[in-house]
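**Q**
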Amino acid sequence: MYTLGVETSCDETSCAILKNYKVLSNITLSSLGEHKKYGGIIPEIASRAHLNNIDKVLNIALKQAGVHLRNIDLIAVTHKPGLMGALVVGLNFAKALSLSLNKPFLGVSHLHAHLFSSFLNDEKNFKFPLLGLVVSGGHTSIYRLGDFDKIKLLGQTCDDACGETFDKVAKALGYGYPGGAVIDRLFNPKYKNYFAFRCGRIGLNLSFSGIKTAVIYKKMEIEKKGILKESAKIRLISSFQEAAVGAIVQTILEAVKKHKIKRVICGGGVMANRYLRQKLADSAKEGIKFLIPSREYTTDNAAMVAGLGFYLYNKKGIKSNLTLKAEAN
Ligand code: KG4
Ligand code: ZN
Numbered sequence: 004m005y006t007l008g009v010e011t012s013c014d015e016t017s018c019a020i021l022k023n024y025k026v027l028s029n030i031t032l033s034s035l036g037e038h039k040k041y042g043g044i045i046p047e048i049a050s051r052a053h054l055n056n057i058d059k060v061l062n063i064a065l066k067q068a069g070v071h072l073r074n075i076d077l078i079a080v081t082h083k084p085g086l087m088g089a090l091v092v093g094l095n096f097a098k099a100l101s102l103s104l105n106k107p108f109l110g111v112s113h114l115h116a117h118l119f120s121s122f123l124n125d126e127k128n129f130k131f132p133l134l135g136l137v138v139s140g141g142h143t144s145i146y147r148l149g150d151f152d153k154i155k156l157l158g159q160t161c162d163d164a165c166g167e168t169f170d171k172v173a174k175a176l177g178y179g180y181p182g183g184a185v186i187d188r189l190f191n192p193k194y195k196n197y198f199a200f201r202c203g204r205i206g207l208n209l210s211f212s213g214i215k216t217a218v219i220y221k222k223m224e225i226e227k228k229g230i231l232k233e234s235a236k237i238r239l240i241s242s243f244q245e246a247a248v249g250a251i252v253q254t255i256l257e258a259v260k261k262h263k264i265k266r267v268i269c270g271g272g273v274m275a276n277r278y279l280r281q282k283l284a285d286s287a288k289e290g291i292k293f294l295i296p297s298r299e300y301t302t303d304n305a306a307m308v309a310g311l312g313f314y315l316y317n318k319k320g321i322k323s324n325l326t327l328k329a330e331a332n
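If you read the sequence shown in our numbering, its first letter stands for residue 4, the second for the next number, and so on.
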């Protein structure tokens, strides 16, 4: 069975073709370059870019997969959460295709699709219950999954998301937007405990806004004494990353202990972070297993949307009708 996935919740226009859970193509075009000068995503620019690019992205995805549009059996699309104008472009595109091809479609949650990403290309690994961790630019959430249609939120950030904090810290230090990948690249373990930064943790909830302020205050303190050198910036981001990653790992381990579930699926853009991946792998002991997607499926992509869509349709018979609405939150 061939599934077309469509993802337009933020700045990435993405289409993917899957044969069952095997990814045949996964094409993503980002409008990030158009937003960079504003230091963040401008929703109107993102929506217009989706409109301009979605046909092109679909055609490349079909061509690379070697599949004709008429052979698509199912269309899965992100319908929540995200930027309203951006979601509407993908959702209406999927509805129009469903209507014209006379094929079923279903809307999926972007966050649940991130959770699904470690199952791509892997049919044999579905064993519930699971714990789920999503760390992205917009969310930091911990879930209990009885199945992919039985997902319960256990904890989340009380303020900024983890990726958002990486972006804000990088921006404050002059590394531009987005900054997660820059911090990942510049991190030096020698300086990970140079400054004593901490993230807030209450049960399975986290807080990142305090650490962001602490890094900025420390930077200002250094600047009062002279020029902020590159070496000082590396010390700041290395100590920051140590604290942020440490808080996530500690919180998920606490969830494992509390809920007595030892298999954790992880997803979202911050899961591209090499130190976080390493720390999770290092914490996998006494039967605890972290299912971590390959890096290409961590940031926003349509393959994860198609994979979850196929699972929900194939295993649970779930589909949407044309009245389905986009939901920003
Ligand atoms: O999942 P995603 O593509 O979009 C949302 O759903 O939000 O995540 C984007 C976030 C951004 O904040 C970006 O800075 C962060 O993921 N990110 C990283 C890395 N690569 C992307 N954060 C830390 N280390 C990375 N290597
Ligand atoms: Zn995402």
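A virtual CB, placed ideally from N, CA and C, is assigned to each residue, including glycine.
Using the Cβ count rule (16 or more neighbours within 10 Å means buried), how would you classify residue 127?
**A** exposed
**Q** Could you pull out every residue in the same chain whose Cβ sits closer than 8 Å to the Cβ of residue 50, ignoring the five residues on either side in sequence?
**A** Correct list, in chain order: 86, 88, 89, 91 and 92.
**Q** Report yes if the C-beta of residue 113 is less than 7 Å from at least one heavy atom of the ligand ZN; otherwise report no.
**A** yes
**Q** Can you list the beta strand (DSSP E) stretches of 3 or more residues lying completely in the segment 147-174, in chain order?
**A** 153-159
**Q** For a quick check, are the C-beta atoms of residue 304 and residue 37 less than 8 Å apart?
**A** no
**Q** Consider the C-beta atom of residue 273 and the heavy atoms of the ligand KG4; say whether any pair is separated by less than 7 Å.
**A** Remark: the C-beta of residue 273 is in contact range of the ligand KG4, defined as less than 7 Å to any heavy atom.
**Q** Does the Cβ of residue 192 have 16 or more other Cβ atoms within 10 Å, making it buried, or fewer, making it exposed?
**A** exposed
**Q** Apart from the five residues on each side of it in sequence, which residues of its chain come closer than 6 Å, Cβ to Cβ, to residue 325?
**A** 98
**Q** How is the alpha helix (DSSP H) around residue 259 delimited, first residue to last?
**A** Segment 233-262, the alpha helix (DSSP H) holding residue 259.
**Q** Quick check on residue 113: buried or exposed, where buried means 16 or more other Cβ atoms within 10 Å of its Cβ?
**A** buried
**Q** Can you give me the C-alpha to C-alpha distance between residue 162 and residue 251, rounded to a whole angstrom?
**A** 15 Å
**Q** Figure out for me which residue from 96, 145, 240 and 74 has the closest Cα to the Cα of residue 54.
**A** 96
**Q** Under DSSP, the beta strand (DSSP E) around residue 9 begins and ends at which residues?
**A** 5-10
**Q** Compare the beta carbon distance of residue 21 and residue 309 with 8 Å and say whether it is the shorter of the two.
**A** yes
**Q** Please return the same chain residues whose Cβ sits closer than 7 Å to the Cβ of residue 196, not counting the five positions on each side in sequence.
**A** 242 and 245
**Q** Which residues does DSSP list as the beta-bridge partners of residue 108?
**A** 78
**Q** How would you label residue 216, buried or exposed, when you count the other beta carbons within 10 angstroms and need 16 or more for buried?
**A** exposed
**Q** Check the C-beta distance from residue 108 over to residue 314 and give it rounded, since I have them as a contact under 8 Å.
**A** In this structure residue 108 is not in contact with residue 314, their Cβ atoms being roughly 15 Å apart against a cut-off of 8 Å.
**Q** Within its chain, find whatever has a CB closer than 7 Å to the CB of residue 328; leave out the 5 residues flanking it on each side and keep chain order.
**A** There are no such residues.
**Q** Alpha carbon to alpha carbon, what distance is there between residue 208 and residue 123?
**A** 28 Å
**Q** On the DSSP letters alone, give me the boundaries of the beta strand (DSSP E) that residue 29 sits inside.
**A** The continuous beta strand (DSSP E) containing residue 29 extends over residues 25-33.
**Q** Shorter than 7 Å, the distance from the beta carbon of residue 20 to the closest heavy atom of the ligand KG4, or not?
**A** no
**Q** So, do the segment 279-290 and the segment 252-266 have three or more beta carbon pairs nearer to each other than 8 Å?
**A** The answer is yes - the segment 252-266 touches the segment 279-290, with three or more Cβ pairs under 8 Å.
**Q** Check whether the segment 164-184 touches the segment 147-155, taking contact to mean three or more Cβ pairs, one atom from each stretch, closer than 8 Å.
**A** no
**Q** Whether or not the segment 213-229 and the segment 268-275 are in contact is what I'm after, with contact meaning three or more pairs of Cβ atoms, one per stretch, closer than 8 Å; do they touch?
**A** no
**Q** Find the nearest neighbour of residue 77 within the set 330, 316, 331 and 332, judged by alpha-carbon distance.
**A** 316
**Q** Cβ of residue 117 within 7 Å of any heavy atom in the ligand ZN?
**A** For residue 117, the distance from the CB to the nearest heavy atom of the ligand ZN is below 7 Å.
**Q** Taking 7 Å as the cut-off, is the C-beta of residue 163 nearer than that to any heavy atom in the ligand KG4?
**A** no
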